[in-house]
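Okay, so here's the structure we're looking at.
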DNA sequence: ACAAAAGTGTTCGATATACACCCATGT
DNA sequence: ACATGGGTGTATATCGAACACTTTTGT
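Chains as they are written, first to last, in the working numbering: chain C, 42 to 271; chain Y, 42 to 271.
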């Protein structure tokens with residue numbers, strides 16, 4: 042594989058999208074990184090991303106990049122911020138529109154294209170990143186934590202059916218803090234965003250089986266909603 | 042004045058900044074609009090904006106546009122969102138990074154360049170806007186209202202010194218709702234973000250003179266701060 | 001019977017909300 | 001003295017935070 046031609050022209054900034062793809066795995070919040078095969082920052086890790094095609098929306102560009110690297114298309118995707126420091130890319134002026142994506146736990150993630158070296162890294166243990174990608178990642182983590190408290194994006198990280206312990210676990214991993222079990226459960230249940238299924242799930246080790254719940258998408262009123270976790 | 046050449050090239054999106062400039066005037070929240078002198082959307086009103094120069098940051102571009110139209114440079118400026126629908130500009134692919142700005146009440150706003158026709162419009166009475174600028178404006182108003190409740194950006198709309206009635210008035214105008222005087226005052230004062238000056242101000246009509254306060258910038262902890270107005 | 005995880009309520013302090021009258025000044 | 005806007009406190013309801021034991025299952 043050859044490096045793609047760099048499309049910036051004199052006088053005109055180029056536009057890319059970069060995507061911070063989050064996923065819960067092995068009790069950690071992980072982010073997908075690609076090891077760069079070409080300079081600049083050769084062999085450093087970077088967020089997946091690429092140039093915006095002339096006839097696609099920014100969101101389509103982000104979804105395309107996601108699909109190329111993960112095979113996954115049906116995800117939660119949100120625009121994060123646009124980074125435009127003239128010196129952020131040594132090749133020339135590149136403005137990047139950053140997105141973040143959340144992948145459900147039950148979605149099978151395929152490897153990227155043959156030659157590209159992609160890996161999931163725990164967000165609190167990422168290696169040195171190329172360009173300003175550390176700044177972008179930090180911003181994304183901050184936004185995810187914030188939204189977890191005020192909205193119900195958290196469910197996008199879980200499978201269709203999950204136990205309340207799974208859910209609390211997911212929140213604790215992302216927020217990096219312990220939550221009170223009774224308060225967590227009563228708040229979640231009172232909010233009415235969950236429906237109980239008739240099934241339950243035996244714990245991996247042993248113990249009392251837990252009821253399985255499902256998220257009611259219809260109840261996703263973000264705006265002015267009471268915080269889930271104050 | 043001639044229309045500027047349109048710099049989009051084949052295969053490359055062009056990048057602009059658009060700025061939603063807010064100001065309180067005549068008991069209304071107003072936004073600065075420019076009447077377009079050339080097609081497309083000739084004679085429609087639009088947000089001030091323009092192409093990003095190759096060596097300036099996005100924020101610098103937004104400040105430059107602001108200064109060109111208002112003569113004002115020292116303002117609160119925040120990135121809003123990036124709009125990139127391929128069909129948002131009929132001339133070609135233009136991605137715009139939208140910003141919003143807040144101008145203090147004591148800043149004198151100069152007219153824009155000779156030929157450009159600029160006017161302040163109350164946000165609830167704006168005319169038909171060019172491109173997708175109505176969407177951008179609505180988004181900006183929503184963000185401003187939101188931030189007013191959670192942070193102290195509200196002070197950026199007021200002069201250096203102001204009375205508590207002025208402040209409450211500003212909040213009521215932006216939020217478009219009445220607030221309780223006693224609750225407003227105790228919350229603001231308890232939060233410690235104001236310092237009392239030794240001076241007071243006679244009301245324009247008559248009545249008891251009001252104490253003048255000043256905003257303590259140092260107390261601007263936005264993150265995880267308690268909401269000013271829940 | 002015991003280990004392991006699920007499930008369940010109450011108390012207490014803090015905060016939000018609703019609400020009405022006196023004060024200082026100018027005319 | 002009166003009109004005008006400035007300034008003040010309390011009672012009630014609601015919400016968040018802290019906290020420990022019983023239940024159900026598998027081995």
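Idealized CB from N, CA, C, for every residue including glycine.
In this text the structure is predicted, and so the values were computed from the model without any measurement.
Going along chain C in order, which residues have a C-beta closer than 8 angstroms to the C-beta of residue i?
| i | result |
| --- | --- |
| residue 126(Y) | 98 |
| residue 134(Y) | 95 and 96 |
Alpha carbon to alpha carbon, how far is residue i from residue j?
| i | j | result |
| --- | --- | --- |
| residue 166(Y) | residue 173(Y) | 17 angstroms |
| residue 132(Y) | residue 234(C) | 45 angstroms |
| residue 209(Y) | residue 220(Y) | 7 angstroms |
| residue 147(Y) | residue 199(Y) | 7 angstroms |
| residue 70(Y) | residue 162(Y) | 8 angstroms |
| residue 203(C) | residue 93(Y) | 47 angstroms |
| residue 257(C) | residue 236(C) | 7 angstroms |
| residue 264(Y) | residue 188(C) | Legend: pLDDT at residue 264(Y) = 35, less than 50; position of this residue unreliable, value from coordinates given subsequently. Going from the Cα of residue 264(Y) to the Cα of residue 188(C) covers about 13 angstroms. |
| residue 107(C) | residue 224(Y) | 49 angstroms |
| residue 266(Y) | residue 194(Y) | The predicted position of residue 266(Y) is uncertain, since its pLDDT is 46 and thus under 50; a value taken from the coordinates is nonetheless stated next. About 13 angstroms. |
| residue 184(C) | residue 242(Y) | 43 angstroms |
| residue 109(Y) | residue 143(Y) | 16 angstroms |
| residue 105(C) | residue 206(C) | 34 angstroms |
| residue 115(Y) | residue 103(Y) | 12 angstroms |
| residue 262(Y) | residue 76(C) | Residue placement at residue 262(Y) is poorly supported in this model, since its pLDDT is 49, which falls under 50; the coordinates still yield a value, given next. Roughly 37 angstroms separates the two Cα atoms. |
| residue 84(C) | residue 179(Y) | 44 angstroms |
| residue 112(Y) | residue 97(Y) | 19 angstroms |
| residue 175(Y) | residue 57(Y) | 16 angstroms |
| residue 190(Y) | residue 47(C) | 44 angstroms |
| residue 238(Y) | residue 67(Y) | 25 angstroms |
| residue 74(C) | residue 222(Y) | 53 angstroms |
| residue 101(C) | residue 159(Y) | 35 angstroms |
| residue 95(C) | residue 127(C) | 22 angstroms |
| residue 130(C) | residue 52(Y) | 20 angstroms |
| residue 88(Y) | residue 149(Y) | 20 angstroms |
| residue 192(Y) | residue 232(Y) | 11 angstroms |
| residue 164(C) | residue 226(C) | 27 angstroms |
| residue 86(C) | residue 253(C) | 38 angstroms |
What span of residues does the alpha helix (DSSP H) with residue i cover, start to end?
| i | result |
| --- | --- |
| residue 151(Y) | No alpha helix (DSSP H) holds residue 151(Y); DSSP gives it neither H nor E. |
| residue 170(Y) | No alpha helix (DSSP H) holds residue 170(Y); DSSP gives it neither H nor E. |
| residue 141(Y) | Note, residue 141(Y): premise wrong, no alpha helix (DSSP H); beta strand (DSSP E) at 135 to 144. |
| residue 222(Y) | 222 to 232 |
Pull up the CB-CB distance for residue i and residue j, whole angstroms please, since I reckon it's below 8 angstroms.
| i | j | result |
| --- | --- | --- |
| residue 63(Y) | residue 72(Y) | 6 angstroms |
| residue 120(C) | residue 123(Y) | 7 angstroms |
| residue 216(Y) | residue 249(Y) | Between residue 249(Y) and residue 216(Y) the Cβ distance is about 26 angstroms, and since that is not below 8 angstroms, they are no contact. |
| residue 125(Y) | residue 99(C) | 4 angstroms |
| residue 244(Y) | residue 65(Y) | Going by Cβ atoms, the distance from residue 244(Y) to residue 65(Y) rounds to 18 angstroms, so no, they are not a contact pair. |
| residue 145(C) | residue 213(C) | Rounded, the Cβ-Cβ distance is 18 angstroms, inconsistent with contact. |
List the residues of chain Y that residue i touches, going by C-beta distances under 8 angstroms, in chain order.
| i | result |
| --- | --- |
| residue 122(C) | 120 |
Assuming contact is defined by CB atoms lying nearer than 8 angstroms, are residue i and residue j in contact in what I supplied?
| i | j | result |
| --- | --- | --- |
| residue 54(C) | residue 134(C) | yes |
| residue 137(Y) | residue 90(Y) | yes |
| residue 240(Y) | residue 201(Y) | no |
| residue 59(Y) | residue 229(Y) | no |
| residue 118(C) | residue 140(C) | yes |
| residue 181(C) | residue 61(C) | yes |
So which residues on chain Y does residue i lean against when the C-beta distance must stay under 7 angstroms?
| i | result |
| --- | --- |
| residue 56(C) | 54, 56 and 136 |
Would you give the residue range spanned by the beta strand (DSSP E) that residue i belongs to?
| i | result |
| --- | --- |
| residue 119(C) | 117 to 124 |
| residue 211(C) | Here residue 211(C) belongs to no beta strand (DSSP E); instead the alpha helix (DSSP H) covers 205 to 216. |
| residue 95(C) | Per DSSP, residue 95(C) belongs to no beta strand (DSSP E) and is neither H nor E. |
| residue 244(C) | Premise fails: residue 244(C) is in no beta strand (DSSP E) and is neither H nor E. |
| residue 55(Y) | 55 to 66 |
| residue 72(Y) | 69 to 76 |
| residue 159(C) | 158 to 163 |
| residue 83(Y) | Premise fails: residue 83(Y) is in no beta strand (DSSP E) and is neither H nor E. |
| residue 219(C) | Looking at the DSSP string, residue 219(C) is not in any beta strand (DSSP E), and its letter there is neither H nor E. |
| residue 255(Y) | 251 to 256 |
With hydrogens ignored, establish whether the beta-carbon of residue i is closer than 7 angstroms to any heavy atom of the ligand FAD.
| i | result |
| --- | --- |
| residue 209(Y) | Only the bare structure without any ligand can be found here, which leaves the ligand FAD out of the picture. |
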